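>
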Amino acid sequence: MGVYLGALLLSTISVWADTSAVPTLPPLPYPRDALAPHISAQTLDFHYGKHHQGYWNNLNRQIAGTPLAALTVEQIVLAVAGKPGQQGVFNNAAQVWNHTFFWSCMKPGGGGKPGGRLLAMIEARFGSFEVFRTAFRDAALEQFGSGWAWLVQVGDRVEIVKTANADTPLAHGQHPLLTCDVWEHAYYLDYQNRRQAFVEAFLDNLVNWDFVAGQLK
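To convert a position in the sequence shown, counted from 1, into the working numbering, add 19.
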């Protein structure tokens with residue numbers, strides 16, 4: 020039995036329709052060339068079609084015939100985080116979740132700055148959106164090796180955090196609002212070693228602030 024997709028990311032993401040367990044990864048929320056020139060169709064072919072698909076396939080193989088197969092991906096992440104002998108399942112489940120969230124954090128013609136409650140929370144924590152932008156960019160650049168930069172909600176405030184490799188804020192009681200994937204496969208075809216250029220393109224041209232604001236509790 021494959022991973023149950025009925026609420027793939029529980030209440031966090033409603034991008035994909037309610038459906039029974041299927042052995043295929045649901046499609047991206049936009050055409051594969053929609054994020055160009057900031058993220059090319061070739062990058063999405065590899066990043067989504069090879070890497071994300073690979074995590075999905077591995078997870079389905081690992082949980083086949085176990086009680087985990089009846090859970091959502093988020094529930095699997097929470098169920099196995101920190102459990103002896105479950106690191107492989109955690110890595111693949113977390114990477115499925117992280118990538119699905121990442122795709123939803125972007126849209127064609129995105130970027131700019133948010134408004135409303137989200138902007139007020141960012142300004143309350145960082146002083147201004149511009150200071151937040153610099154802090155988020157720097158967190159993404161300072162993450163050594165593979166990992167993720169996140170904006171999370173903790174109680175009534177927002178914070179910037181980094182996670183290494185497959186780790187996710189879900190495993191640490193933090194509520195994700197925004198993420199940027201800084202594994203090299205996320206940007207190397209388009210930007211080579213210029214991670215800063217990728218992160219700045221993400222912030223200035225791709226972030227779906229409506230989606231991010233919609234994640235607030």
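Ideal placement from N, C-alpha and C gives every residue a C-beta, glycine not left out.
Since the structure is predicted, the reported quantities are computational estimates derived from the model, not experimental observations.
Excluding the five sequence neighbours on either side, which residues of its own chain have a C-beta within less than 6 Å of the C-beta of Asn-77, listed in chain order?
Within the sequence shown, numbered from 1, the residue matching residue 77 stands at position 58. Hits under 6 Å: Asn-111.
> Considering Arg-152, what are the terminal residues of the alpha helix (DSSP H) in which it resides?
Residue mapping note: residue 152 aligns to position 133 of the sequence shown, counting from 1. 148 to 161 is the span of the alpha helix (DSSP H), which, as asked, contains Arg-152.
> Would His-194 pass as an interface residue toward chain B - the criterion being a Cβ-Cβ separation below 7 Å?
Among the chains in the structure shown there is no chain B, since it carries only a single protein chain.
> Quick one: is the Cβ of Ile-179 within less than 6 Å of any heavy atom of the ligand GDP?
Ligands displayed in this structure: none; no statement on the ligand GDP is therefore possible.
> Going by the beta-carbon positions, is the gap between Phe-121 and Thr-198 smaller than 7 Å?
On the sequence shown, position 102 is the one that residue 121 refers to. On the sequence shown, position 179 is the one that residue 198 refers to. Yes, these two residues count as a Cβ contact at 7 Å.
> Kindly list the residues whose CB is nearer than 6 Å to the CB of Tyr-206, restricted to its own chain and excluding five residues on each side of it in sequence; keep chain order.
Looking up residue 206 in the sequence shown gives position 187. Around Tyr-206: Phe-217.
> On the CB-based measure, 16 or more other CB atoms within 10 Å of its CB, does Gln-114 come out buried or exposed?
Here residue 114 is taken as the residue at index 95 of the sequence shown, counted from 1. By the neighbour-count rule (16 or more Cβ atoms within 10 Å), Gln-114 is buried.
> In this structure, does DSSP put Lys-102 in helix, strand or coil?
Stepping through the sequence shown from its first residue, residue 102 is reached at position 83. Residue state, collapsed to three classes: coil.
> Could you give the distance in angstroms between the alpha-carbon of Gly-164 and the alpha-carbon of Pro-56?
Position 145 of the sequence shown holds residue 164. Position 37 of the sequence shown holds residue 56. Whole-angstrom Cα-Cα distance: 25 Å.
> Does Gly-237 pass the burial test, meaning 16 or more other C-beta atoms within 10 Å, or should it be called exposed?
Absent from the model: residue 237. The displayed extent of the chain is 20 to 236, so no value can be given.
> If you scan the region 167 to 214 from start to end, which runs of the beta strand (DSSP E) of 3 or more residues do you find wholly inside it?
For the region 167 to 214, whole beta strand (DSSP E) runs of length 3 or above, ordered along the chain, are 176 to 183 and 194 to 200.
> I'd like to know whether the C-beta atoms of Val-96 and Leu-189 end up nearer to each other than 7 Å.
Residue mapping note: residue 96 aligns to position 77 of the sequence shown, counting from 1. Residue mapping note: residue 189 aligns to position 170 of the sequence shown, counting from 1. Their beta carbons are under 7 Å apart, which means Val-96 touches Leu-189 by this criterion.
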